[in-house]
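This report concerns only the one structure given below.
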Amino acid sequence: MNRRILIIDDEPAIRDMVAYALQRADYEPVAAGDAREARHAIAERIPDLILLDWMLPGLSGLEFARSLRREQLTREVPIIMLTARGEENDRVSGLEAGVDDYVVKPFSARELLARIKAVLRRSRGEDEDGSVELGGLRIDAPAHRVFAGDLPVEIGPTEYRLLHFFMTHPERVYSRAQLLDQVWGSNTYVEERTVDVHIRRLRKTLEPHGLERMVQTVRGAGYRFSTQL
Numbered sequence: 059m060n061r062r063i064l065i066i067d068d069e070p071a072i073r074d075m076v077a078y079a080l081q082r083a084d085y086e087p088v089a090a091g092d093a094r095e096a097r098h099a100i101a102e103r104i105p106d107l108i109l110l111d112w113m114l115p116g117l118s119g120l121e122f123a124r125s126l127r128r129e130q131l132t133r134e135v136p137i138i139m140l141t142a143r144g145e146e147n148d149r150v151s152g153l154e155a156g157v158d159d160y161v162v163k164p165f166s167a168r169e170l171l172a173r174i175k176a177v178l179r180r181s182r183g184e185d186e187d188g189s190v191e192l193g194g195l196r197i198d199a200p201a202h203r204v205f206a207g208d209l210p211v212e213i214g215p216t217e218y219r220l221l222h223f224f225m226t227h228p229e230r231v232y233s234r235a236q237l238l239d240q241v242w243g244s245n246t247y248v249e250e251r252t253v254d255v256h257i258r259r260l261r262k263t264l265e266p267h268g269l270e271r272m273v274q275t276v277r278g279a280g281y282r283f284s285t286q287l
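As structure tokens, then:
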């Protein structure tokens with residue numbers, strides 16, 4: 059599944075340029091011209107990373123970053139600020155607002171892609187090959203295998219995809235509909251209760267290793283993966 063990156067910039071030429079570069083790098087770009095459009099895009103599907111222009115109409119990029127960090131669904135989403143303001147005080151203001159990195163305009167597509175790759179790796183503890191390790195669990199993506207410590211975990215293909223998604227998006231709550239979209243795909247027509255079945259199977263898979271409690275039910279909201287038991 060391609061990583062979804064939300065571009066928030068009021069200049070169409072920059073949005074188009076960045077979207078083109080992201081598509082060529084096998085990301086899924088989504089564009090918004092202001093905070094209101096960005097909210098709609100986030101409600102449709104939470105992005106894996108946000109590229110946020112400092113100078114937006116209405117609500118500034120800095121204020122929008124602060125609001126995203128206050129909300130449960132977006133507080134862990136990495137943010138890279140796109141800005142013409144390269145002074146130290148400006149960078150400090152952005153970092154204090156919760157921004158993960160800065161790219162100063164004008165920038166090259168190569169630099170931007172390198173920053174995106176680095177921020178995604180840092181935010182998820184993920185290797186370049188898609189492997190990830192968290193809370194005593196390790197996914198060896200090239201081998202398509204899961205380990206609890208040094209012990210192999212026998213896991214089905216759907217539970218593997220579900221666990222990989224959870225481990226690369228920890229501490230965030232996802233509804234059944236969001237999990238269906240992210241793990242099964244938006245073009246797959248299955249009932250939302252299907253998620254419950256596979257959640258139970260995933261917990262049963264992790265139970266012999268004492269790790270089933272990391273797959274948590276959030277009453278009235280959905281599920282999350284958390285190392286905070």
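Taking my numbering, the leading residue of the sequence shown gets 59, the next gets one more, and so forth. The beta carbon of each residue, even a glycine, is placed where N, CA and C say it ideally should be. Predicted, not measured: the structure shown is a model, and the values here were computed from it.
By the 16-neighbour rule on beta-carbons within 10 angstroms, Y78 is exposed. Rounded to the nearest angstrom, the gap between the Cα atoms of H227 and P164 is 31 Å. Contact check for P105 and I63: beta-carbon distance about 6 Å, within the 8 Å limit, so the pair qualifies. According to the DSSP secondary-structure assignment, V135 is paired through a beta bridge with no residue. Straight across, the Cα-Cα distance linking T141 with D67 is about 10 Å. Rounded to the nearest whole angstrom, the C-alpha separation of V135 and A99 is 14 Å. Linking T216 to L195 through their CA atoms gives a straight-line distance of about 17 Å. A79: member of the alpha helix (DSSP H) spanning 70-82, first to last residue. Taking the Cβ atoms as the reference, L192 lies roughly 20 Å from T132, outside the contact range of under 8 Å. Nearest Cα to L220 within the set G207, P210, R258: R258.
In this model, V211 and L110 are separated by some 39 Å (Cα to Cα).
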